[in-house]
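**Student:** The structure that follows is given in the form of structure tokens.
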Amino acid sequence: MRYSSPSSKSIAIALALVAPSLALPGMSSKSPHLSRRATPAVGDYVAPGPNDVRSPCPGLNSLSNHGYLPRDGRNIHATDIITAMNDYLGLSATFDFLQTFGAGVRGAFVLLPGLSIGLESYDALTNSHNKIEHDASFTRSDVFFDLVASGVDPKSIDNNNIPPMHNPPVNTTLIDLLVSFSKDGKTLTVDDIADARHARLQSTVAFNPTAVLQSEQTGGLWREAGFVSLVLGDANGTVRIDWLRDWFVNERLPIELGWKKPNAGIFDILSYANTYEAAEKVRNGNNVPGGTPELPIQFGSVL
Ligand code: HEM
Ligand SMILES: *[C@@H]1O[C@H](CO)[C@@H](O)[C@H](O)[C@H]1NC(C)=O
Ligand SMILES: *[C@@H]1O[C@H](CO)[C@@H](O)[C@H](O)[C@H]1NC(C)=O
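Take the sequence shown: its letters are residues -23 to -1, 1 to 280, numbered as in mature numbering (1 follows the signal peptide of the UniProt record, and there is no 0).
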């Protein structure tokens, strides 16, 4: 017998047979469920919607965008942060505990309903200017410039009394600037990131009249640069730019680009933090803004 492709009539019959089985009991054909997007699975990347809260932290935001932490950015238990960092970012439990403990010491966490400790929402991290959130970030403008852009009189801005911020936006110009320090156009080495770190800091020192850059703030800068090298970097801390952009711009873990979580411990981040602090010293005339924090880092500045 000669093979023939199914006629449109036989397709129509097949559809008629299959279609009724798609309707579940109790679901009318007008059911809104049919048009609503299915709940994303844990692990799926979904950019935040208008009612979701995000923090100034690319690490936590990416965990929420994949559903490893609450997608709405609310009621985030400290233990969930520790578990998510361990399971999905490849960071040791000790590391995760100290990191989370540090944020707790700085007052970000509260007692949630059910008596667990956590963040009421990511706003708690944004509304902590100079405690956890700080100026001279890689991904966000200094809050001073955001306020000025929104029409606030610069002379009225008291950097120790910053009004609550909400969903601090990523500034892609700053990310382009960071990437521009790549020497090969494909990767950022530890040395490249140190150059970028220095330039970003210099620009805050030069142009932000309200900047507070004591060791409490700058300590965060060295550790956060370390996070980039540690979580995205190869054995030498060299980071692929396409991975970095995916993480910083989309706040997505660059899994589809081939990224795999590292296997890192607390001494790895301390080592990178020391490296970035020392690199700043070299670039800044043997001087580190804010002075040299005591390392290994004190409790309360483990971020
Ligand atoms: C308890 C867990 C964490 C808390 C409470 C936290 C909080 C924060 C906050 C408030 C900032 C903003 C600082 C600024 O103003 O730039 C920040 C920045 C940052 N965090 Fe986290 N973070 C946590 C875990 C992580 C993890 C696991 C990663 C790594 C994957 C990470 C990577 C970063 C990076 C790279 C920055 C710097 C962003 C920039 O310079 O714009 N954080 N974090
Ligand atoms: C982003 O950062 C650049 C460089 O500092 C700045 O000129 C620009 O105004 C910022 N954009 C926004 C929207 O804040
Ligand atoms: C790290 O750097 C060393 C020395 O330059 C080099 O031999 C090695 O291949 C690098 N490792 C990776 C993973 O690129």
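Beta carbons: idealized from backbone N, C-alpha and C, even for Gly.
Pull up the CB-CB distance for A241 and L178, whole angstroms please, since I reckon it's below 8 Å.
**Tutor:** Locating residue 241 in the sequence shown gives position 264, counting from the first residue. Locating residue 178 in the sequence shown gives position 201, counting from the first residue. Going by Cβ atoms, the distance from A241 to L178 rounds to 25 Å, so no, they are not a contact pair.
**Student:** Whose CA, out of V216, F204, V189, G50, lies closest to the CA of D169?
**Tutor:** In the sequence shown, counting from the first residue as 1, residue 169 sits at position 192. Closest by alpha carbon: V216.
**Student:** Distance, Cα to Cα, N263 vs E201?
**Tutor:** Here residue 263 is taken as the residue at index 286 of the sequence shown, counted from 1. Here residue 201 is taken as the residue at index 224 of the sequence shown, counted from 1. Whole-angstrom Cα-Cα distance: 21 Å.
**Student:** In or out: S6 buried (at least 16 other Cβ within 10 Å) or exposed?
**Tutor:** For this step, residue 6 is matched to residue 29 along the sequence shown. At S6, the pLDDT of 42 sits below 50, so the modelled position is not reliable; the number obtained from the coordinates is stated separately. The residue is exposed, with fewer than 16 neighbouring Cβ atoms inside 10 Å.
**Student:** How is R260 classed by DSSP in three states: helix, strand or coil?
**Tutor:** Residue mapping note: residue 260 aligns to position 283 of the sequence shown, counting from 1. Residue state, collapsed to three classes: helix.
**Student:** Using the three-state DSSP reduction, which class does T164 fall into: helix, strand or coil?
**Tutor:** Position 187 of the sequence shown holds residue 164. In this structure, T164 counts as strand in the three-state DSSP scheme.
**Student:** Name the DSSP beta bridge partners of I94, please?
**Tutor:** Locating residue 94 in the sequence shown gives position 117, where the first residue counts as 1. In DSSP, I94 forms a bridge with L88.
**Student:** Below 6 Å CB to CB, which residues in the same chain sit around G267 once its five sequence neighbours on both sides are set aside?
**Tutor:** Working through the sequence shown from its first residue, we reach residue 267 at position 290. The residues are L190, Q191, S192, T195.
**Student:** Can you tell me whether DSSP reads I53 as helix, strand or coil?
**Tutor:** As a working mapping, residue 53 is identified with position 76 in the sequence shown. Here I53 sits in strand by DSSP.
**Student:** Given R174, which residues of its chain have a CB within under 7 Å of its CB, disregarding the five upstream and five downstream residues?
**Tutor:** In the sequence shown, the residue the question calls residue 174 occupies position 197. Result list for R174: L198, A202, Y253, E257, in chain order.
**Student:** Taking the Cβ atom as the reference point for each residue, do L102 and I109 lie within a distance shorter than 7 Å?
**Tutor:** For the purposes of this step, residue 102 is taken as the residue at position 125 of the sequence shown. For the purposes of this step, residue 109 is taken as the residue at position 132 of the sequence shown. In contact: L102 and I109 (Cβ atoms closer than 7 Å).
**Student:** For L92 and P33, what's the separation of their Cα atoms in angstroms?
**Tutor:** Translated into the one-based positions of the sequence shown, residue 92 becomes position 115. Translated into the one-based positions of the sequence shown, residue 33 becomes position 56. The straight-line gap from Cα to Cα measures roughly 26 Å.
**Student:** Using 7 Å as the threshold, is the C-beta distance between T181 and A188 below it?
**Tutor:** One-based indexing of the sequence shown puts residue 181 at position 204. One-based indexing of the sequence shown puts residue 188 at position 211. Taking 7 Å as the Cβ cut-off, T181 and A188 qualify as a contacting pair.
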